[in-house]
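For reference, each letter of the sequence shown is one residue, going 1057 to 2002 in this note's numbering.
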Amino acid sequence: MDMSGMMGMDMSMAGMFTPTNKKVAHLYWYLVAAVVGVLVFRRVVDRVRLWQQRSGQQQPQRISGRPQNAFEQCYDTAIAICRELAYPQLWTCTGKFSRYFTPPPLGRCLLLLAYWAMLLTMLWSNVILAPSASNYAYRWEIVGFRAAWVSITQLPLIYILSGKSNVITMLTGVSYERLNWLHRWVGRTMFLTLIVHWAYFFTEWSIADFVSFELKIMPMVKYGFGAWATLGWMVITGFGFFRNLSYELWFLQHLAAALVLLWLVHKHVPSYAAYNVWFAVGVIVFDRLVRTVMSLVINLHLIPSKAQNSSPRRRIGYEAEVTNLSNDFLLVKVRNVGFSWRPGQHVYLSIPRAGVFEAHPFTIASVPSSISGADGSNDAQLYLRVHNGFTKRLQRQCQRQLTPRAFLSFISGPWGNPPSLERFESMAFVAAGNGASFTLPMFQQAVMKNNSVRRISFVWIVRQAEQLDWFKEQLLSAWTLARQRSIKVNIHAFITGSARDSVQTPSERNSLLGQRSNPDPSSDEKSANGLLSSVEKSESIDLSIKKGDAGVVRENSVSSASCSLMSEQPMISINYGRPDPDSLIRPIVEEAWGETGIIACGGSHFTGQMRNCVASLSDERGVHKGTGAQVELAKNREGQTVRMSKFTAASPSVPRDLRPMASISVDGLVQSTLEHMLARARRYFVVRDLTRGQTTENSSATQAIDISSSSSTHLHLPSKMQLSTLALVLGAQLVSGHFELTYPTWRGDSFLPPASQYMFPCANVNTTDASNNNRTLWPLDGGSLKIEFHHPWTYVAINLGLGSNTNTFNISLNPMLLNETGNGTMCFPKWQLPADLGIEDGTDASLQIITIGDSGTALYNCADIRFSTDATLLSGDQCQNTTGLELYPLVQQQANGSTEGAAATVTVTASAAGASSTSAAMGMSAPGLGSLALGTILSVALILVS
């Protein structure tokens, strides 16, 4: 992650590319906003059509969900085409480990391909240079900068997609759990683009043999690699296999990694890119604030209950009655909750006795009193599949009791955005196992509130017959109400266990539970290979439910009153084996006059087959095929219902105490054209008044021009009349990112192409015959050194190479790096050479000056010298230092972080105007320490309310 300061680059170089790269970053968010806008448009259209249906503005004979005009016809055609593309599941892996490598559905794959194509276009557009390009010397950094921007721009989206209360969900109505897959894939994509980012810079450092030096002197490089490693850890542990090993442990480490990632990124990026980090922090704070307020309102009962004759409740939290249904399932009934919910929504349940600071998501398996119209308490029923951890601990506390046990509980929610059922003319509810917690309340809502539905099919696939007893009262009530409202209802139950878990009595042969298919003893083997079709001859039976751990046999699972009520025809069709989805769904779809809703909930293999079935039917029934009756699938994975990922909220990271960073807003497209002119403007500061035709030498132009080192100045070329003045300003800006070696005289002007101060070892300026004959004379024991610095601060290294045409600078003249602060001239009257060099009169040599700004990329300049006994030092008036410039040795920290024993100053024997500094370097400023403390407190607070 390095962006003009990420993992080592020079600020001036970054500035050259910043405008273009920022445009790329802005384009990214424009495209994201466009996608969100399309989803918002669809939501608005659906809301308007639903409002028209509710208000009765459509024709009385109108069929629900059927297009009535050209716009609706085109709209539904587009939706049908998208569904056919989105629903299919290419393949599903069912192995214990391989199931985690099941690819996303086709629609998600296409969305990912479009996302990757967008990023690849942004990453590689106009960054692949030909050798003849004027900025070919920057080829590695150009790609590195672009990859940095492409990477860091994705960071806020990752945190947006992780939050439950996020702006995308609020605008589009797409619930957070349906965005969680994209959260993981954007994170994986960012991890890959970061590899491109650091690999290109690492290649440049390797070519210059600069890797160890870069890592040694630039802490931000280490922060960058640390951030990349942290993200890599989150990507690897984010796979389902690791999440399911121990969800609680995974959650804690994911939370810690999210906190560390934000902090490392903020320590790594420059100030003008840090807005991405603060954007992510703002998203997190907003999400946590909304969730905290919701939890306080619900659990402190700030909104009075509207339920009639409701039972008293606790002052704080709710009473949860837990019943042990079997070895695998628990029933939790939260008494008299103070809120309403939509069928299909879920809540986060926390029971401190089973796990302090733990909250897990469970689907509400009952309808609120506002829908059912029932008097009494507004209870929320939750069916929990027992796993290790929270549910296992809860089961142990209830295992030996035959009666429900009460616990103090806290609730967060409700969450989720289930589909509106009012627009469907026909519906099929298909659930596997505990998935009935999702489909049954919606089935009840459909028969209670939906005035447009004509037929409903409810299918429940269970492993054991005893599970059918859980919802028998709700099914009976819904079936009865549907008949009263002339809604055609079919209820099918499929038992996949190989042996009967039921006990039959002769008196129950003709009970209301209806029909079954003969059991297939090989159903378990066949179910591993695919779905079975239940086509066996039926006979009437009833199910006797054997309670799991209690060992109690209930032989009359359904009352005789129910039997008399249903004597006309069987209520439930009982079958053994796994059903064929097409045989269940096709009849109701083919009989539909309007839109059909398929509501499914189960495991990944189950939902995958439902996807393929609905995609096939949608192709047959799409409005563009002329039938006028489309099919929509609303699915919910059972694993998401029971073990839904709860994303961490990372706390705001600590702002680092950044030094001012030089920033240049020179468009890369005009850089090569104006380079020569900028160099001349830098040296002479010529301002031409074209209206008068006069030329003025302005030696104080540098003081007259305000060069901002912390912000970018966007320049435009309105006319040729302003070109000279523009050159002056751009030239001054360019100097702000480089340095000049004024004495000894440098080999050549490193601002003029093809020279580049970024090129090792001497800015691509070689010794020529002319420069060899004009070497600066230096005394044998050291001479004067005069450098013009244009960074707010920089590290300085001075090396010496012996020979007439050397590119090897193996003699370090300052073993400890110097830390220079301030813009201006620094003059050393005499830079003392080591005594053991054996320099003789007439020896040719070259000086190499290296500066490294806070970004990490080095700048180079060289000067050719000749040692001579006749050489003199610069006089006092020739060796003047700019007031305010300071020079320190680089503080060397000990292993324990202390600076004891490290040199604090370096004494420069300067002229009368020179100044020596005696200030000590500090590891962190007071504001930095305060920010760290504030961030730590806020982090702990966020963890406690999570």
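Note that CB positions come from ideal geometry on N, CA and C, so glycine has one too. All of these numbers come straight from a predicted model, not from anything done at the bench.
How long is the line joining the alpha carbons of residue i and residue j, rounded to whole angstroms?
i        : j        : result
Leu-1176 : Gln-1210 : 13 angstroms
Thr-1939 : Leu-1903 : 26 angstroms
Gly-1394 : His-1357 : 6 angstroms
Thr-1076 : Met-1226 : 32 angstroms
Ile-1551 : Lys-1528 : 15 angstroms
Tyr-1256 : Ala-1919 : 30 angstroms
Leu-1339 : Phe-1307 : First, the amino acid is wrong: residue 1339 is Val here, not Leu. Distance between the alpha carbons of Val-1339 and Phe-1307: 19 angstroms.
Phe-1298 : Pro-1475 : 31 angstroms
Leu-1477 : Ile-1630 : 26 angstroms
Glu-1942 : Ile-1184 : 41 angstroms
Thr-1074 : Gly-1200 : 12 angstroms
Thr-1652 : His-1324 : 53 angstroms
Val-1378 : Gln-1437 : 10 angstroms
Phe-1816 : Pro-1212 : 37 angstroms
Gly-1491 : Ser-1542 : 27 angstroms
Phe-1446 : Asn-1191 : 60 angstroms
Met-1483 : Ile-1654 : 6 angstroms
Asp-1384 : Val-1094 : 43 angstroms
Phe-1153 : Gly-1296 : 10 angstroms
Ser-1931 : Gly-1909 : 30 angstroms
Tyr-1944 : Asn-1870 : 12 angstroms
Got a sec, what are the start and stop residues for the beta strand (DSSP E) residue i sits in?
i        : result
Leu-1386 : 1385-1390
Cys-1883 : 1880-1888
Tyr-1632 : 1628-1632
Counting C-beta neighbours from all protein chains within 10 Å, is the total for residue i 16 or more, i.e. buried, or is it exposed?
i        : result
His-1082 : exposed
Asp-1897 : exposed
Gln-1401 : buried
Ser-1517 : Ser is not the amino acid found at residue 1517; the sequence shown has Ile there. With 16 or more other Cβ atoms within 10 Å, it is buried.
Glu-1522 : buried
Asp-1933 : exposed
Gly-1857 : buried
Val-1353 : exposed
Thr-1697 : A caution first: Thr-1697 carries a pLDDT of 36, below 50, which makes its placement in the model too unreliable to give a value.
Ile-1198 : buried
Gln-1501 : buried
Asn-1332 : buried
Glu-1414 : buried
Gly-1650 : buried
Thr-1928 : exposed
Ala-1914 : buried
What are the boundary residues of the alpha helix (DSSP H) that includes residue i?
i        : result
Val-1821 : First-last for Val-1821: undefined, no H or E at that position.
Ala-1264 : Careful: Ala-1264 lies outside any alpha helix (DSSP H) and carries neither H nor E.
Asp-1638 : 1637-1646
Val-1316 : 1303-1324
Tyr-1814 : Where Tyr-1814 is concerned, there is no enclosing alpha helix (DSSP H), given that its DSSP letter is neither H nor E.
Ile-1198 : 1195-1218
Asn-1355 : 1331-1355
Ser-1468 : Per DSSP, Ser-1468 belongs to no alpha helix (DSSP H); it is in the beta strand (DSSP E), 1461-1471.
With distances taken Cα to Cα, identify the nearest neighbour of residue i among the options.
i        : options                                : result
Arg-1642 : Pro-1212, Glu-1128, Ser-1513           : Ser-1513
Asn-1829 : Tyr-1851, Ser-1931, Ala-1914, Arg-1803 : Arg-1803
Val-1503 : Ile-1517, Phe-1480, Phe-1281, Asn-1490 : Phe-1480
Gly-1659 : Leu-1106, Tyr-1156, Val-1088, Gln-1108 : Tyr-1156
Pro-1159 : Ser-1188, Leu-1146, Thr-1899           : Leu-1146
Leu-1167 : Lys-1152, Tyr-1192, Leu-1141, Leu-1797 : Leu-1141
Ser-1422 : Pro-1497, Phe-1413, Gly-1411, Phe-1385 : Pro-1497
Val-1223 : Glu-1647, Tyr-1374, Val-1346           : Val-1346
Val-1206 : Arg-1371, Ser-1181, Trp-1397, Ser-1542 : Ser-1181
Asn-1820 : Ala-1170, Asn-1875, Ser-1806           : Ser-1806
Leu-1387 : Thr-1419, Pro-1360, Arg-1398           : Thr-1419
Ala-1136 : Leu-1532, Ala-1671, Ile-1251, Val-1852 : Ala-1671
His-1443 : Ala-1264, Val-1515, Asn-1300, Ser-1468 : Asn-1300
Compute every distance between the C-beta of residue i and the non-hydrogen atoms of the ligand SAH, then say whether any falls below 8 angstroms.
i        : result
Asn-1473 : What this structure holds is no ligand at all, so the ligand SAH is not there to describe.
Using a C-beta cutoff of 9 angstroms, does residue i count as contacting chain B?
i        : result
Val-1316 : Protein chain content of the structure displayed is limited to a single chain, and chain B is not contained in it.
Practice prompt. Taking only runs that begin and end inside the region 1402-1427, name each unbroken beta strand (DSSP E) of 3 or more residues, in chain order.
Written response: Taking only runs of at least 3 residues, the beta strand (DSSP E) segments lying wholly in the region 1402-1427 are 1402-1406, 1416-1419.
Worksheet item: Which parts of the region 1098-1180 are runs of the alpha helix (DSSP H), unbroken and 4 residues or longer, counting only runs that do not cross its ends?
Response: Entirely contained in the region 1098-1180, the alpha helix (DSSP H) runs reaching 4 residues are, in chain order, 1126-1142, 1162-1180.
Discussion item. So within the region 1265-1305, which uninterrupted alpha helix (DSSP H) runs reach at least 4 residues, ignoring any that extend past its ends?
Written reply: 1267-1273, 1275-1293, 1296-1301, all fully within the region 1265-1305.
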